[in-house]
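Inspection log for the structure reproduced underneath, given as structure tokens.
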Amino acid sequence: MPFHRYTRDDPVLPTGRDGGSRAWPDRVLDRAPRWASVDLRDGNQALAEPMDLRRKKRMFDLLVGLGFKDIEIGYPAASVDDFDFVRELVIKNGIPDDVTVSVFTPARTELIERTFDAIRGAERAVVHLCHATACLWRDVVFGMSRSEVLRMAVAGAEDLVRLAERETGADIRFEYSPETFNVTEPDFALEIADRVAAVVDACPDRPLVLNLPTTVETHSPNVFADQIEWMHRNLDRRDSIVLSVHPHNDRGTAVASAELALLAGADRVEGTLFGNGERTGNVCLVTLALNLFGRGVDPELELSDIDAVREVVEDCNRLPVHPRHPYAGDLVYTAFSGTHQDAIAKGLAALAERAGGDPANAPWQVPYLPIDPRDVGRDYEAIIRVNSQSGKGGIAYVLKAGWGLDLPVGLRRDFAGVVQDVTDATGRELDPRDIWRLFRETYCADRAAVSRGAADEHEVIEELAAAYGVEFTRVLVADAKDATACFVELATATDVFWGVGLAAGATDAALRAGRSALRRAGADTGADTGVGVGVGVDAGPGAGVHTGGTESGRGGSR
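Going by full-length UniProt numbering, the sequence shown opens with residue 1, and the numbers climb by one from there.
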């Protein structure tokens, strides 16, 4: 590959101003930033089929419901649909009192005027002025020098002030984005930001939102953090600035860039739900928020039903959320690997034991699951799924979670081999019903068996042993609820055979289990087998109580 075509010089931060040593690596994120959604503008303009009014309204309602207070609602000078949507929200008083909407405009007078037409009558709004500042854009796109781009920014800011003064009684504030900030000379980015802040007379009571984008991500997140920290330290009116960042994901590190920028002094993050946006997208605000949540920090967004959020976003964007998307994808809480499944199952069991009951409020510590899926509206059903990579722990978890069967360790090993044979042969995943069906077909009697005259499961097994010349080692009983499960192990000199009985009572379950094991051993013909029997009886579906049972280390299993 022609890697020699690509060079990236890191921005050189001037040393004559307050640079100092890096402070951001020593900080931790301990509170949520101001979240700003740009789904309805930056996200919408990246769609093959931009949202119609119905989808825009549905997205807006979702964002309000999630708790967003800063929502960019469109680019009204760019399209009739955007203009009409802004007008609809204003005219119908559709903007909650605690939500501030913003509208986007380039630095052209006629477009700024059209933008103010859209928000006329709004009680409160932010007008977002944006234009590129980097050398490549100045040379190739605008054909302008630095001084000419500076004059364009100042003229645009003057238009904002002039037009805002006409909106008597309205609280109109401003946002400025030096687009392509991350590849703009740092001294020029600072100069132009300070000039715009001066023109709009930013003050603590009426701060300017200064939004610093990685318009096209070109460097690693630590470089962006250095740029943000340098701006944070050197802005003339820092106490009158809301320092915002707007990371894109071209290198796949938008989330990291945003997190490090917050450590470096940023107050606010612009992004979208699930990262929709131009090219590889914007930073995902869901991921950022739930990263904080997973560290014990209140994200200040309501994400307790992640699938409901996803359904609305997929409808509005007409794009699917990837199955591996953090926190929201179909597979993000799922393990196929046997070692992972075993660790998760043990972790959930340990959590329940520590909690002494309902673990919903217990401190979360489960291997391979950074947060409790239930905290975002998922259940545990899909945590463990079975294919050829799965092991005994995961398979046993499926049976316990779905049918209340806590298999003895030897039976777990035995059934794992059965499942492995099937998944290797078919190459497909087995869902819980497939596993349950395979388990019953393998280990349970294929016909009803009812004991006649035996007082309990001990006598049942004694009768069976006498009839077939076998010996049982012990019988373990648990209180049954919906049903009773009995596990029987027959061990010959060279092999081990398991049988399982499910019935309303322990005696019937024991008889079924014993006959099933004998059938599997080829001994259910009245012949003397010379095998030993180990028996465990467990509360069945719904009970989930393991009572133990004998485990054999001899030979193989069948």
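Beta carbons are placed, not taken as given, at the ideal position from N, Cα and C, and that holds for glycine. All figures in this text were calculated on a predicted structure; none of them were measured in a lab.
So what does DSSP say about residue i, is it helix, strand or coil?
| i | result |
| --- | --- |
| Val496 | strand |
| His219 | coil |
| Tyr443 | helix |
| Arg279 | coil |
| Arg324 | coil |
| Pro213 | strand |
| Leu125 | The question names Leu, but residue 125 is Ala in the sequence shown. Looking at Ala125 - three-state DSSP - the assignment turns out to be strand. |
| Glu381 | coil |
| Gly501 | strand |
| Leu369 | strand |
| Thr115 | helix |
| Val64 | helix |
| Gly540 | For Gly540, the predicted structure reports a pLDDT of 44, less than 50, and the residue's modelled location is therefore unreliable. A value from the coordinates is still provided. Here Gly540 sits in coil by DSSP. |
| Asp139 | helix |
Assuming residue i is part of the alpha helix (DSSP H), what are its boundary residues?
| i | result |
| --- | --- |
| Arg515 | 506–520 |
| Tyr397 | 392–403 |
| residue 564 | What is shown of the chain runs 1 to 558, which leaves residue 564 out entirely. |
| Asn317 | 306–317 |
| Arg146 | 146–166 |
| Val86 | 80–91 |
| Asp406 | From DSSP, Asp406 is part of no alpha helix (DSSP H); its letter is neither H nor E. |
| Val255 | 254–263 |
When the Cα atoms are used, what is the spatial distance from residue i to residue j?
| i | j | result |
| --- | --- | --- |
| Ala170 | Glu381 | 52 Å |
| Ala198 | Gln227 | 21 Å |
| Asp379 | Pro373 | 6 Å |
| His325 | Gly402 | 27 Å |
| Arg440 | Arg27 | 56 Å |
| Ala23 | Thr215 | 25 Å |
| Pro76 | Leu288 | 28 Å |
| Arg237 | Phe68 | 26 Å |
| Gly252 | Gly275 | 11 Å |
| Ala425 | Val418 | 11 Å |
| Val332 | Pro33 | 25 Å |
| Leu351 | Pro359 | 7 Å |
| Val488 | Gly271 | 59 Å |
| Arg206 | Arg173 | 7 Å |
| Met152 | Glu217 | 25 Å |
| His131 | Asn211 | 11 Å |
| Ile73 | His128 | 11 Å |
| Ala157 | Gly377 | 45 Å |
| Thr168 | Leu160 | 14 Å |
| Glu311 | Val321 | 9 Å |
| Val255 | His248 | 9 Å |
| Cys486 | Gly294 | 41 Å |
| Gly94 | Asp39 | 17 Å |
| Leu273 | Asn361 | 27 Å |
Nearest chain C C-beta to residue i closer than 7 Å, yes or no?
| i | result |
| --- | --- |
| Ala506 | In the displayed structure, chain C is absent; only one protein chain is listed. |
Going by DSSP, name the residue or residues bridged to residue i.
| i | result |
| --- | --- |
| Thr272 | Cys284 |
| Pro106 | Cys130 |
| Pro247 | Thr214 |
| Ala335 | Ile384 |
| Cys203 | Arg206 |
| Leu430 | Val386 |
| Thr100 | Asp70 |
| Ile241 | Leu208 |
Tell me the residue span of the beta strand (DSSP E) that contains residue i.
| i | result |
| --- | --- |
| Pro178 | 171–179 |
| Cys486 | 484–491 |
| Gly74 | 70–74 |
| Ala36 | 34–37 |
Quick check on residue i: buried or exposed, where buried means 16 or more other Cβ atoms within 10 Å of its Cβ?
| i | result |
| --- | --- |
| Leu430 | buried |
| residue 569 | The chain is shown only over 1 to 558; residue 569 falls outside these bounds and no answer can be derived. |
| Arg55 | buried |
| Ala527 | The predicted model places Ala527 with a pLDDT of 43, which falls under 50 and marks its position as unreliable, so this point remains unresolved. |
| Ser147 | exposed |
| Thr7 | exposed |
| Pro14 | exposed |
| Ala225 | buried |
| Ser177 | buried |
| Glu91 | For the sequence presented, residue 91 should be read as Ile rather than Glu. Label assigned to Ile91: exposed. |
| Met1 | exposed |
| Asp298 | exposed |
| Ser390 | buried |
| Gly20 | exposed |
| Cys284 | buried |
| Val409 | exposed |
| His232 | buried |
| Asp307 | exposed |
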